[in-house]
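Taking it in order: structure first as structure tokens, then the write-up.
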Amino acid sequence: MTVRPFGRFLFPGPTDVRPEILQAMAQPMQSHRGEAFLALHARVVANLQQVFRTTRPVFAVSASATALMEMAIRGAPEGPILSLVNGAFSERFATVAQQCGRRVRRVSVPWGEVHPLGLIERHLVEEPFAALTVVHSETSTGTLCDLRAVTELAHRYGVMCLADAVTSVGASPVETDTWGLDFVLTGSQKALALPPGLAFAVASEPYILQAAVVPGRGRYLDPLEHEEAALRGGPPSTPAIPLFYAADAQLQDIAAEGIEARWARHAEMQAMVERWVSDRQAEGIAITFQAPAGARSLSVSCLALPPDRESREVVAALEDRGFTIGRGYSQLKDSTIRIGHMGDLRPEHLAPCLEALTDVLRAAPR
Ligand SMILES: *Cc1c(COP(=O)(O)O)cnc(C)c1O
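Per the UniProt record's numbering, the very first residue in the sequence shown carries number 1; after that it's consecutive.
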């Protein structure tokens, strides 16, 4: 078994999981309908409500986050979908909607940018859309949009807002109830610092009420199945029990830290990267954020490399120094690197990684 000290794996998902959380998974199986498991399930849901800032039930589904993009679409009102695309995951959300048989209108801006509200509104006036898909923190570019403003705008046109908040829930403010999000989803393996395999979502009351009349919702990913199971208090089918053991332990630790303290810790790490980039630029290294100032994710920094550098060699050189970060994604694969500073990572883990990255960039390309 590989043992690696915690804090060297700054990958943009999956993220590093603390050894005690990994160990929590190695407990015996039990009936998922038994009293003990139902109590555990209720604790997990109650702690997730704090994380999502909601009084609604939180669905804890044994699947990866993409499944909940599909769930969001399956229960969305009938009619065309407006998809905001500014990176790989927002493109995926649009594609999932199409694959579920929806007519999709994409509003695309260059990867890394955020959609001007005026541009979104121009599309909303043109046609009565049923729902809008948006990614809060685009992990492929490190861009954070103003999800609250997008939701308000959508609601003004009677359009439901379906939000992928995979790398923002647990890292930066997501106010499910206050912002009126109609469907918001995340995965276990990003800012919640759990192993992959669980995904969590909240559906608003208006969303659930109208979902009942939407045909063809399927079964496993039918939001109503999950709402009904949540009201009964338990999972709709056999869950990934070991992952629930991990989630129970981790969510208690997150509650102890406090969600606002967690947001502040992520903001501190993002500010460290801002300072580090400015310092490198000051010494003549042409490294920049892919996302514009004021619209940067607190959990993942996507950095465009100097023109003579390539992500493969930079990531490999950093690996030699004991740190794992990610290459770019898709069309940004070679030209950018992505540092995941989320989950249970702390400034004291990020600082030596950035120091090592300075050494790599000061040295000639290999
Ligand atoms: C990781 C990620 C996903 C996909 O999650 P899976 O768990 O791999 O299905 C979706 N959206 C965003 C923003 C992500 O970062």
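Using N, Cα and C, we set each Cβ at its ideal position, and we do this for glycine too.
- Not a single heavy atom of ligand 1 lies less than 7 angstroms from the C-beta of T55.
- Cβ contact annotation for A24 (same chain, cutoff 6 angstroms, sequence separation greater than five): Y245, A246, A249, in chain order.
- For V134, the closest C-alpha among the options V96, F289, P242 is that of V96.
- Taking all protein chains in view, the Cβ of V213 is surrounded by fewer than 16 other Cβ atoms within 10 Å, so the residue is classified as exposed.
- In the three-state DSSP reduction, F6 falls in the coil class, being neither helix nor strand.
- Distance from the C-beta of T66 to the nearest heavy atom of ligand 1 is below 7 angstroms.
- Residue side-chain check: K190 places its Cβ nearer than 7 angstroms to a non-hydrogen atom of ligand 1.
- Of the residues R362, A60, A42, the one whose Cα lies closest to the Cα of G187 is A60.
- Taking Q290 as the centre and dropping the five residues before and after it, the same chain places the C-beta of W111, G112, T141, G142, T143, C302, L303, A304, L332, T336 closer than 8 angstroms to its C-beta, in chain order.
- Between G13 and T139 a beta carbon distance of about 6 angstroms is seen, short of the 8 angstroms cut, so the two are scored as contacting.
- Residue environment for S90: buried (at least 16 other C-beta atoms within 10 angstroms of its C-beta).
- Taken through DSSP and simplified to helix, strand or coil, G118 comes out as helix.
- Going by beta carbons, I241 and V300 fall outside the 8 angstroms limit.
- When only Cα atoms are considered, A171 and R362 end up about 31 angstroms apart.
- Rounded to the nearest angstrom, the Cβ distance from F52 to V184 is 7 angstroms, consistent with a contact under 8 angstroms.
- With respect to the C-alpha of E78, the residue from Q270, L357, A364, R217 having the closest C-alpha is R217.
- Taking Q252 as reference, the option from T324, Q210, V45, A267 with the minimal CA-CA separation is V45.
- In the structure shown, R56 falls within a coil segment according to DSSP collapsed to helix, strand and coil.
- In the DSSP assignment, the residues bridged to E138 are T143.
- About 7 angstroms separates the beta carbons of G75 and D222, which is inside the 8 angstroms limit, making them a contact pair.
- Under DSSP, A203 shares a beta bridge with F183.
- Taking C-beta atoms under 8 angstroms as the contact rule, S137 and S168 qualify, at a distance of about 4 angstroms.
- DSSP, reduced to helix, strand and coil, places R338 within a strand of the structure shown.
- The shortest CA-to-CA distance from L298 to any of I259, L354, D308, H341 is the one to H341.
- Looking at the DSSP output, R296 bridges to T143.
- The criterion of a C-beta distance shorter than 8 angstroms is satisfied by V58 and L48.
- Short note on D164: C-beta closer than 7 angstroms to some heavy atom of ligand 1.
- Between L181 and L132, the C-beta spacing is not below 8 angstroms.
- L194 and M272 do not touch by the CB rule: their CB atoms are close to 24 angstroms apart, not below 8 angstroms.
- Excluding the 5 residues flanking it on each side, A72 has same chain C-beta neighbours closer than 6 angstroms at L162, F183, in chain order.
- In the three-state reduction of the DSSP assignment, A304 falls in the strand class.
- DSSP places I21 inside the alpha helix (DSSP H), whose first and last residues are 19–24.
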